[in-house]
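Notes follow once the structure below has been shown.
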Amino acid sequence: MARMGMIIDLNRCITCMACTIACLRENVMRQTGDAVELPEGNSTYYARTKPAKMTMEGYPFSGATYFIQCLHCENAPCAMACPTGATYITENGVVMLDHNKCIGCRACVIACPYGA
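In our numbering, the protein residues as written are 175 to 290.
Right, dumping it as structure tokens:
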């Protein structure tokens with residue numbers, strides 16, 4: 175089975191955070207300050223962004239933040255840790271979240287080896 179991935183060219187990044195906003199919209203979340211709220215009053219999640227830990231020579235935005243993305247692990251620990259089955263793996267290997275089943279316990283975040 176083919177695995178999916180996403181590559182970000184840091185040479186073209188201007189730290190506009192449009193990728194973060196697009197992700198929030200695609201996943202039906204709303205950002206309020208530094209928090210992300212799930213629809214219909216479910217628990218609040220924090221937009222997981224981190225300051226860049228490495229700097230690259232000539233990169234003008236060293237110290238900028240980056241959005242922590244799901245890496246769609248083959249045997250995703252987040253899906254195994256989810257007590258309600260809200261986090262699951264599709265037939266083609268994509269890790270998804272069903273917001274209607276999510277109780278906001280953050281077990282998926284704790285189980286994620288990448289902190290996504």
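Even for Gly, the Cβ is constructed at its ideal location relative to N, Cα and C.
These numbers were taken from a predicted model, which means no experiment stands behind them.
Contact under 8 angstroms by Cβ, residue i with residue j
i      : j      : result
Cys247 : Val283 : no
Pro257 : Ala285 : no
Thr264 : Cys252 : no
Leu245 : Ala196 : no
Rounded C-alpha distance that separates residue i from residue j
i      : j      : result
Ile182 : Gly259 : 30 angstroms
Gly267 : Ile188 : 31 angstroms
His273 : Arg186 : 33 angstroms
Burial state of residue i (16 or more Cβ within 10 Å)
i      : result
Ala250 : buried
Cys190 : exposed
Leu271 : buried
CB contact check: residue i to chain B, cutoff 8 angstroms
i      : result
Val283 : Absent from the structure: chain B. Only one protein chain is present.
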